[in-house]
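Asks:
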Amino acid sequence: MKIRDMIDFNDLPLAEWDRLFFMAMDIMKNSEKYIDACKGKILATLFLEPSTRTMFSFQSAMLRLGGKVIGFSEPGNSSISKGEDLQDTIKTLSCYTDLLVIRHPLEGAAKAASMFADVPVINAGDGGHLHPTQTLTDLTTIAVEKGRLDNLTIGMCGDLKNGRTVHSLIKAMAKFPDNRFILISPPNLMVPDYLTKMLKRKGITYVETNDLEGNIGKLDIFYMTRIQRERFASVREYEQSKGVYILDPEKMRLAREDMLVLHPLPRVDEITHEVDNDPRAKYFKQAQFGLYIRMALILRMLSGPFDAEEDREFASTKLSCSNPKCITNHEHYLPQRFKGIKTDPSLLYCIYCEKQYPKSEGE
Ligand code: NCD
Numbered sequence: 000m001k002i003r004d005m006i007d008f009n010d011l012p013l014a015e016w017d018r019l020f021f022m023a024m025d026i027m028k029n030s031e032k033y034i035d036a037c038k039g040k041i042l043a044t045l046f047l048e049p050s051t052r053t054m055f056s057f058q059s060a061m062l063r064l065g066g067k068v069i070g071f072s073e074p075g076n077s078s079i080s081k082g083e084d085l086q087d088t089i090k091t092l093s094c095y096t097d098l099l100v101i102r103h104p105l106e107g108a109a110k111a112a113s114m115f116a117d118v119p120v121i122n123a124g125d126g127g128h129l130h131p132t133q134t135l136t137d138l139t140t141i142a143v144e145k146g147r148l149d150n151l152t153i154g155m156c157g158d159l160k161n162g163r164t165v166h167s168l169i170k171a172m173a174k175f176p177d178n179r180f181i182l183i184s185p186p187n188l189m190v191p192d193y194l195t196k197m198l199k200r201k202g203i204t205y206v207e208t209n210d211l212e213g214n215i216g217k218l219d220i221f222y223m224t225r226i227q228r229e230r231f232a233s234v235r236e237y238e239q240s241k242g243v244y245i246l247d248p249e250k251m252r253l254a255r256e257d258m259l260v261l262h263p264l265p266r267v268d269e270i271t272h273e274v275d276n277d278p279r280a281k282y283f284k285q286a287q288f289g290l291y292i293r294m295a296l297i298l299r300m301l302s303g304p305f306d307a308e309e310d311r312e313f314a315s316t317k318l319s320c321s322n323p324k325c326i327t328n329h330e331h332y333l334p335q336r337f338k339g340i341k342t343d344p345s346l347l348y349c350i351y352c353e354k355q356y357p358k359s360e361g362e
């Protein structure tokens, strides 16, 4: 099966990742070769949530490839503020662009957009769900700085419940052999169930803990994240969780000499500025790698569809997704769709937000 869109990094076989990575490395070394590679092409950035790195790196990537960019970063400037639904916005933008990058506050929105677009769609973050191009950035950083993507102990820390970059990266790193996870968060911000179930199904070692000091010394990669204020139901709930983990030089002394510190950014207070000068801090390099790998992704997507990892059958079911943050509960014309999990036939999952249900519930 072929796919045209980048909604979830895990739709791609690893051979496609290898191709993207080597292309990004070539772009980095021989950028002059690529200055006209996208001449005559237009990329649209449809950002309904704030962004610095993702939006500007996509725009910069397209401009550096000789293409042009249109878009908005503020829904107030578009017909969405007049009540236009996602379907119509996407159908319209498809007439004006060759490639569409979307960031949206609801889970599954990029998937929904891809169902109505005539051009390839890239998910630049769908609510607290996934952020596959940040994962491309993270993998590039680890591959360059560590020289491998397997046999690593990866610590993830902060808001593991709402952090979409965390979800995408866990899914991706679980595809490479012998990786282990130490998931460090307060009890109310642990990773969603569907991810720990996936790790269990694959027999991957993981620990869930709230202890940073006791675990930082075991890590090859330390992936820090901010507490995602905008995803909390109330300010009070956010206030209770903010500032729980702060990486500072004292904690860095407990870490290995060759541990890498990654962060998708923006940071709030979870890494002190003193850590920036530590050679193990790679987060600004990471932001820079994001440019090259997005250049590779744009080029690749404009050249035709990817081979898809697997094609799971749609399940016919009476289920309706109950996740209030799922796009289907806001854009009501969207068809409810669920897929089966090959390795666990007792489960179905929503194709938009991945919330899982026992198969028996839909019968
Ligand atoms: C992240 C995002 O938007 O999910 N940032 C990014 O894209 N580099 C992380 C965050 O907002 O905390």
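All residue numbers for the sequence shown refer to numbering that gives the first Met the number 0, where the first residue is 0 and numbers rise by one.
A virtual CB, placed ideally from N, CA and C, is assigned to each residue, including glycine.
Please read all numbers here as calculations on a predicted model, not as lab measurements.
Please determine if the stretch 21-31 and the stretch 295-302 are in contact, where contact requires at least 3 C-beta pairs separated by less than 8 Å.
Replies: Counting Cβ pairs under 8 Å, three or more are found: they touch.
Asks: Which two residues bound the contiguous alpha helix (DSSP H) that contains Thr88?
Replies: Here the alpha helix (DSSP H) through Thr88 covers 85-93.
Asks: Can you tell me whether His130 is helix, strand or coil according to DSSP?
Replies: It is coil, neither helix nor strand.
Asks: Nearest CA to the CA of Lys201: which residue from His262, His130, Phe337, Asn178?
Replies: That would be Asn178, whose Cα lies nearest to the Cα of Lys201.
Asks: Between the alpha carbons of Leu62 and Ser30, how many angstroms are there, rounded?
Replies: So the alpha carbons of these two residues sit roughly 12 Å apart.
Asks: Just confirm the distance between the C-beta atoms of Leu218 and Met258, as a whole number of angstroms; I'd bet it's less than 8 Å.
Replies: Between Met258 and Leu218 the Cβ distance is about 5 Å, and since that is below 8 Å, they are a contact.
Asks: Taking the C-alpha atoms as reference points, what is the distance between Leu290 and Phe55?
Replies: One C-alpha to the other measures close to 9 Å.
Asks: Rounded to whole angstroms, what's the CA-CA distance from Gly154 to His272? Just pull it up for me.
Replies: Whole-angstrom Cα-Cα distance: 20 Å.
Asks: Counting only runs of 3+ residues fully inside the stretch 42-72, write out the beta strand (DSSP E) ranges in chain order.
Replies: Runs of the beta strand (DSSP E) inside the stretch 42-72: 67-71.
Asks: What number of angstroms, rounded off, separates the C-alpha of Gln11 from the C-alpha of Asp268?
Replies: Per the sequence shown, residue 11 should be read as Leu rather than Gln. Their backbone Cα atoms lie some 35 Å apart in a straight line.
Asks: According to DSSP, what are the bridge partners of Val243?
Replies: Bridge partners of Val243: none, in fact.
Asks: My guess is that Leu363 and Asp125 are in contact by the Cβ rule of under 8 Å, so how many angstroms apart are they, rounded?
Replies: A question about residue 363 goes unanswered here, because the residues of the chain that appear run from 0 up to 362.
Asks: Given this structure, state the Cα-to-Cα distance separating Val388 from Lys241, to the nearest angstrom.
Replies: Nothing about residue 388 can be read from this structure; the chain reaches only from 0 to 362.
Asks: Measuring CB to CB, does Lys110 end up less than 7 Å from Tyr351?
Replies: Yes, the pair counts as a contact, with Cβ atoms nearer than the cut-off.
Asks: Between the Cα of Phe8 and those of Pro357, Ile69, His130, Gly66, spot the shortest distance and give me the residue it belongs to.
Replies: Among Pro357, Ile69, His130, Gly66, the Cα nearest to that of Phe8 belongs to His130.
Asks: So, at 6 Å on beta carbons, what are the nonlocal neighbours of Asp4 in its own chain, with the 5 sequence-adjacent residues on each side left out?
Replies: Cβ within range, chain order: Ser113, Pro119, Val120.
Asks: On the CB-based measure, 16 or more other CB atoms within 10 Å of its CB, does Tyr356 come out buried or exposed?
Replies: Buried, because 16 or more other Cβ atoms sit within 10 Å of the Cβ of Tyr356.
Asks: Report the rounded CA-to-CA distance for Leu346 versus Asn122, giving the unit in angstroms.
Replies: Cα-Cα distance, rounded: 25 Å.
Asks: Measure the beta-carbon distance from Val206 to Ile181 and round it to whole angstroms, keeping in mind my assumption that it falls under 8 Å.
Replies: So it is a contact: roughly 5 Å between Cβ atoms.
Asks: With Ile2 and Ala307 assumed to form a contact (beta carbons below 8 Å), what rounded beta-carbon distance in angstroms separates them?
Replies: Confirmed, about 4 Å.
Asks: Which residues in the same chain as Arg266 place their Cβ atom closer than 7 Å to its Cβ, once the five residues preceding and following it in sequence are excluded?
Replies: Arg225, listed in sequence order.
Asks: Which residues share a DSSP beta bridge with Phe305?
Replies: Answer is Ile2, bridged to Phe305.
Asks: Who pairs with Met155 in a beta bridge, going by DSSP?
Replies: Beta-bridge pairing links Met155 to Leu182, Tyr222.
Asks: Measuring straight from C-alpha to C-alpha, what distance separates Tyr33 and Ala60?
Replies: Using only the alpha carbons, I get a separation of about 11 Å.
Asks: Measuring only from the beta carbon, is Gln133 closer than 6 Å to any heavy atom that is part of ligand 1?
Replies: Indeed, a heavy atom of ligand 1 lies less than 6 Å from the Cβ.
Asks: Just verifying my parser: in three-state terms, what is the DSSP assignment at Tyr348?
Replies: Three-state DSSP puts Tyr348 in a strand.
Asks: Under 8 Å Cβ to Cβ from Asp192, same chain only, skipping five residues before and after it: list those, please.
Replies: Only Gln355 meet the Cβ criterion.
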